[in-house]
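To start, the structure itself, in structure tokens.
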Amino acid sequence: MAPAGDRAGYWGPPTSTLDWCEENYVVSHYIAEFWNTVSNLFFILPPIYGAIQCYKDGLEKRYLAAYMGLMAVGLGSWCFHMTLKYEMQLLDELPMIYGCCTFVYCLYECFKYKNTVNYPLLFLLGTYSIGVTTVYLNWKQPVFHQVMYGTLVLVLVLRSVYIVMWVYPWLRGLGYTSLTLFLMGFFLWNIDNIFCDRLR
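Residues in the sequence shown are numbered from 148 upward in steps of one, following the numbering used here.
Have a look at this one:
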């Protein structure tokens with residue numbers, strides 16, 4: 148639900164199925180949600196650096212794809228929060244699914260000894276991505292996207308817990324820190340959704 152203090156802006160009225168709690172066009176006439184937009188620089192600039200380093204170091208293409216996926220989420224989210232248009236919402240949300248599938252692939256391939264491609268896993272993740280995309284384009288329910296994304300995150304968390312508990316126990320501190328930060332972000336996201344009318 149959009150805040151009451153919204154103003155008219157360059158991109159016109161929102162057409163997205165979601166309008167976040169940040170007041171629209173308050174900081175800039177050209178950016179609907181200014182802070183939600185510019186905070187995406189953290190999803191754009193570091194992944195560009197990471198992708199360049201992957202390329203320079205000759206790492207497997209899956210790592211490059213993971214950085215590019217994260218950057219795509221940042222760019223899509225930038226466009227979505229800048230315009231609050233439905234097409235830009237898709238540019239934000241669908242790369243979240245594709246990027247998360249790339250992370251799942253990377254985590255399930257992290258113990259191989261040769262530079263090979265796991266075609267069955269690629270097929271499974273590709274089918275999942277195509278299925279989610281097809282359903283979401285025809286059934287514009289944000290909760291569907293959130294559940295499908297949450298499923299991928301759960302797979303990532305379970306795989307990560309396995310890795311830090313039984314394979315690389317010296318990474319437990321990093322694993323716990325990452326999980327805590329993720330859960331804190333999820334908690335704050337829910338606070339934003341639930342108390343939108345009362346908090347700024």
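Glycine included, every Cβ here is placed at the ideal spot set by N, Cα and C.
Exercise for the section: Let me know if M148 comes out buried or exposed under the rule of 16 or more other beta-carbons within 10 Å of its beta-carbon. Expected result: At M148 the pLDDT is 46, less than 50, meaning the model places this residue with poor confidence and gives no usable figure here.
Problem - Environment of N171 [buried if 16+ CB atoms lie within 10 Å] - result: For N171, the number of other beta carbons within 10 angstroms of its own is at least 16, and it is reported as buried.
Practice task
Over the uninterrupted alpha helix (DSSP H) stretch that includes C226, give me the two end residues.
Solution key: Residues K208 to T230.
Problem - Uninterrupted alpha helix (DSSP H) stretches inside the region 264–341 (no shorter than 4 residues) - result: Runs of the alpha helix (DSSP H) lying entirely within the region 264–341 and spanning at least 4 residues, in chain order: 266–285, 289–309 and 319–341.
Exercise for the section: Mark F189 as exposed unless 16 or more other C-beta atoms lie within 10 angstroms of its C-beta, in which case mark it buried. Expected result: Of the residues assessed, F189 falls on the exposed side of the cut-off, its CB having fewer than 16 other CB atoms within 10 angstroms.
Problem - 8 Å Cβ shell around I195 - same chain, five flanking residues per side excluded - result: In its chain, beyond the 5 residues on either side, Y214 and M218 have a beta carbon closer than 8 Å to the beta carbon of I195.
Practice task
Quick one: give me the first and last residue of the alpha helix (DSSP H) that A155 is part of.
Solution key: Unbroken run through A155: none, as it is neither H nor E.
Handout entry: Residue range of the alpha helix (DSSP H) that includes L254
Key = Y233 to Y255 is the extent of the alpha helix (DSSP H) around L254.
Handout entry: Closest residue to E180 among T263, V302, S163 and R306 (Cα-Cα distance)
Key = If we check each option's Cα against that of E180, S163 comes out closest.
Handout entry: Own chain residues within Cβ distance below 6 Å of W317, not counting five before or after
Key = Hits under 6 Å: none found.
Handout entry: Buried or exposed by the 16-neighbour rule on C-beta atoms within 10 Å, applied to V264
Key = Classification of V264: exposed, given that the 10 Å Cβ count is below 16.
Exercise for the section: May I ask you to verify whether the region 221–233 touches the region 198–211, counting CB pairs closer than 8 Å and requiring at least 3? Expected result: Judged by Cβ distances under 8 Å, the region 221–233 makes no contact with the region 198–211, as fewer than three pairs qualify.
Exercise for the section: Measure the C-alpha to C-alpha separation of V302 and W182 and round it to an integer number of angstroms. Expected result: Using only the alpha carbons, I get a separation of about 30 Å.
Problem - N262 and W225 closer than 7 Å at C-beta - result: It is not a contact, given that the beta carbons lie outside the stated cut-off.
Handout entry: Cutoff 8 Å; reference S307; Cβ partners in own chain excluding five residues on either side
Key = Closer than 8 Å at the Cβ level, and outside the excluded window around S307, lie L254, G322, S325 and L326.
Problem - Pairwise C-alpha distance: G159 and F258 - result: Roughly 50 Å between the two C-alpha positions.
Exercise for the section: Would you mind stating whether Y252 and L272 have Cβ atoms separated by less than 7 Å? Expected result: Yes, these two residues count as a Cβ contact at 7 Å.
Exercise for the section: Take L165 and list the residues in its own chain whose beta-carbon comes closer than 8 Å to its own, dropping the five residues that flank it on each side. Expected result: Only residues of its own chain outside the window of five on either side were considered, and among them Q236 and P289 have a CB closer than 8 Å to the CB of L165, listed in chain order.
Exercise for the section: Using the Cα positions of L346 and N337, report the straight-line distance between them to the nearest angstrom. Expected result: Taking the CA atoms as reference points, L346 sits about 12 Å from N337.
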